[in-house]
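Following: one structure in structure tokens, then a few remarks.
2 protein chains.
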Amino acid sequence: MPDLLTIGELSARSGVAPSALRYYERLGLIRADRTGGNQRRYARAELRRVAFIRISQQVGVSLDEIREALDSLPEARTPSPQDWARLSASWRSRLDERIRLLTKLRDDLDGCIGCGCLSLQRCTLNNPEDTLAGEGPGARLVLPRPTDDPTLAGALN
Amino acid sequence: MPDLLTIGELSARSGVAPSALRYYERLGLIRADRTGGNQRRYARAELRRVAFIRISQQVGVSLDEIREALDSLPEARTPSPQDWARLSASWRSRLDERIRLLTKLRDDLDGCIGCGCLSLQRCTLNNPEDTLAGEGPGARLVLPRPTDDPTLAGALN
DNA sequence: GTGTGAGTTGAAGTGGACTTCAACTCAAGG
DNA sequence: CCTTGAGTTGAAGTCCACTTCAACTCACAC
Numbered sequence: 001m002p003d004l005l006t007i008g009e010l011s012a013r014s015g016v017a018p019s020a021l022r023y024y025e026r027l028g029l030i031r032a033d034r035t036g037g038n039q040r041r042y043a044r045a046e047l048r049r050v051a052f053i054r055i056s057q058q059v060g061v062s063l064d065e066i067r068e069a070l071d072s073l074p075e076a077r078t079p080s081p082q083d084w085a086r087l088s089a090s091w092r093s094r095l096d097e098r099i100r101l102l103t104k105l106r107d108d109l110d111g112c113i114g115c116g117c118l119s120l121q122r123c124t125l126n127n128p129e130d131t132l133a134g135e136g137p138g139a140r141l142v143l144p145r146p147t148d149d150p151t152l153a154g155a156l157n
Numbered sequence: 001m002p003d004l005l006t007i008g009e010l011s012a013r014s015g016v017a018p019s020a021l022r023y024y025e026r027l028g029l030i031r032a033d034r035t036g037g038n039q040r041r042y043a044r045a046e047l048r049r050v051a052f053i054r055i056s057q058q059v060g061v062s063l064d065e066i067r068e069a070l071d072s073l074p075e076a077r078t079p080s081p082q083d084w085a086r087l088s089a090s091w092r093s094r095l096d097e098r099i100r101l102l103t104k105l106r107d108d109l110d111g112c113i114g115c116g117c118l119s120l121q122r123c124t125l126n127n128p129e130d131t132l133a134g135e136g137p138g139a140r141l142v143l144p145r146p147t148d149d150p151t152l153a154g155a156l157n
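So the sequences go chain by chain: A and B. Using the UniProt record's numbering, the letters of the first sequence map in sequence onto residues 1 to 157. Using the UniProt record's numbering, the letters of the second sequence map in sequence onto residues 1 to 157.
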């Protein structure tokens with residue numbers, strides 16, 4: 001027997017609010033069968049999809065990108081462990097990058113706390129990836145706004 | 001001479017859009033003098049405030065909290081290096097915590113990628129801080145939604 | 001059969017952090 | 001003086017990820 005879950009059960013098991021689950025469904029991230037009375041019934045496999053969604057969000061991936069990733073799963077069969085492994089692995093570098101940036105920020109901040117400078121010319125915070133525009137006096141920094149995770153800006157004096 | 005900056009100059013030097021600078025001013029995060037013609041003129045010290053704001057945002061602090069922190073700066077004098085050091089240090093534990101969570105997520109994900117399980121009972125992803133409600137069968141996880149940085153949820157089977 | 005808690009919908013609201021717009025005014029070089 | 005690029009305002013719009021609401025309908029224990 002399929003042993004289907006109601007939205008309340010899926011919510012309790014996943015820690016995701018029913019309203020969020022309905023929202024995910026609207027976005028095409030999860031799916032549900034319906035009872036004769038039009039209520040949602042989720043296959044247990046959806047639990048894994050929801051888990052993947054929450055993990056991905058933690059990694060900093062938007063629901064839109066998560067949808068794309070989920071779309072790459074086989075439609076016919078229930079995703080295998082390997083399928084999930086592939087998707088999870090695909091976020092790995094993004095996670096690494098986030099951790100790297102945050103760690104760098106911490107180290108830089110420690111250095112700045114030592115000197116109290118808070119992001120000056122001599123401080124790495126100032127120029128995260130050595131991408132300063134070199135023209136004119138004074139440091140400036142262009143934040144990669146579109147890509148989010150804005151590389152830190154800092155400039156003084 | 002004070003050597004004041006126009007909004008365009010502050011924007012170029014800080015990497016923050018003029019519209020965002022005006023927005024910060026409305027929220028009381030930065031301040032500006034005005035020319036006879038009502039244009040903003042920023043003291044160079046504001047540059048450090050803007051740097052602090054962007055750094056704080058990276059740490060994951062809201063503008064509202066940043067405002068509170070900035071409010072603790074001395075009103076009379078220009079903030080000293082020690083002032084900035086104190087503020088920067090105050091975010092340190094939050095940064096540590098973010099890094100810790102993200103690193104744990106990475107390790108857990110590596111484990112899950114190995115087995116393809118993706119957040120199951122035997123997987124730590126399932127129960128981030130061993131805070132599972134112990135009642136009934138099946139894992140469940142309550143996300144600390146209000147505090148943001150949602151501890152990961154996962155449940156399977 | 002009935003009561004009650006769980007579920008349904010579309011539309012609208014929320015919150016954070018900004019951006020865009022229209023309609024002007026300023027500042028500075030030629 | 002005149003032009004032009006930079007700056008001003010308040011109001012409204014945007015994006016994301018949801019939540020809330022009202023008005024119903026279902027499912028199930030008793």
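Built from N, CA and C at the ideal position, the CB exists for glycine as well.
Per-residue DSSP class, three states only, for residue i
| i | result |
| --- | --- |
| B:L5 | strand |
| B:R34 | strand |
| A:R26 | helix |
| A:R44 | coil |
| B:P74 | coil |
| B:S80 | coil |
| B:G60 | coil |
| B:G15 | coil |
| A:P128 | Residue confidence is low: A:P128 scores 41 on pLDDT, short of 50, so the model does not pin down where it sits. No coordinate-derived value is stated. |
Proximity below 8 Å, CB of residue i to CB of residue j
| i | j | result |
| --- | --- | --- |
| B:A32 | B:R41 | yes |
| B:V50 | B:S14 | yes |
| B:L102 | A:L102 | yes |
Straight-line gap, residue i to residue j (C-alpha atoms, nearest Å)
| i | j | result |
| --- | --- | --- |
| residue 168 of chain A | A:S88 | Outside the shown range of chain A (1 to 157) lies residue 168 of chain A, about which nothing can therefore be said. |
| A:L10 | A:P79 | 18 Å |
| B:D3 | B:L47 | 13 Å |
| B:V16 | A:I7 | 43 Å |
| A:G37 | A:L5 | 15 Å |
| B:R92 | A:A12 | 34 Å |
| A:L21 | B:R34 | 50 Å |
| B:R77 | A:L73 | 60 Å |
| B:T43 | B:P18 | Correcting the residue identity first, residue 43 of chain B is Ala in this sequence and not Thr. Approximately 15 Å between the Cα atoms of the pair. |
| A:A45 | B:A45 | 56 Å |
| B:E75 | B:D83 | 12 Å |
| A:Q39 | A:D71 | 24 Å |
Spatially closest choice to residue i from the options, by CA coordinates
| i | options | result |
| --- | --- | --- |
| A:Q57 | A:R98, A:I7, A:L109 | A:R98 |
| A:D96 | B:R94, B:S93, B:R92, B:K104 | B:K104 |
| A:L29 | A:P81, A:T35, A:S62 | A:S62 |
| B:R67 | B:A76, B:R54, B:R77 | B:R54 |
| A:S90 | A:E75, A:R106, A:A69, A:D108 | A:A69 |
| A:G111 | B:C112, B:L109, B:G111, B:P81 | B:P81 |
| residue 160 of chain A | A:A45, A:Y24, A:A76, A:E75 | Because residue 160 of chain A is not part of the residues shown, which for chain A are 1 to 157, the question remains open. |
| A:T109 | B:Q39, B:P18, B:A85 | In the sequence on display, residue 109 of chain A carries Leu and not Thr. Nearest C-alpha to A:L109: B:A85. |
| A:R106 | B:D107, B:R94, B:R106 | B:R94 |
Check: residue i C-beta below 7 Å from any heavy atom of the ligand ADP
| i | result |
| --- | --- |
| B:T103 | With respect to the ligand ADP, the structure shown offers nothing to examine, as it has no ligands at all. |
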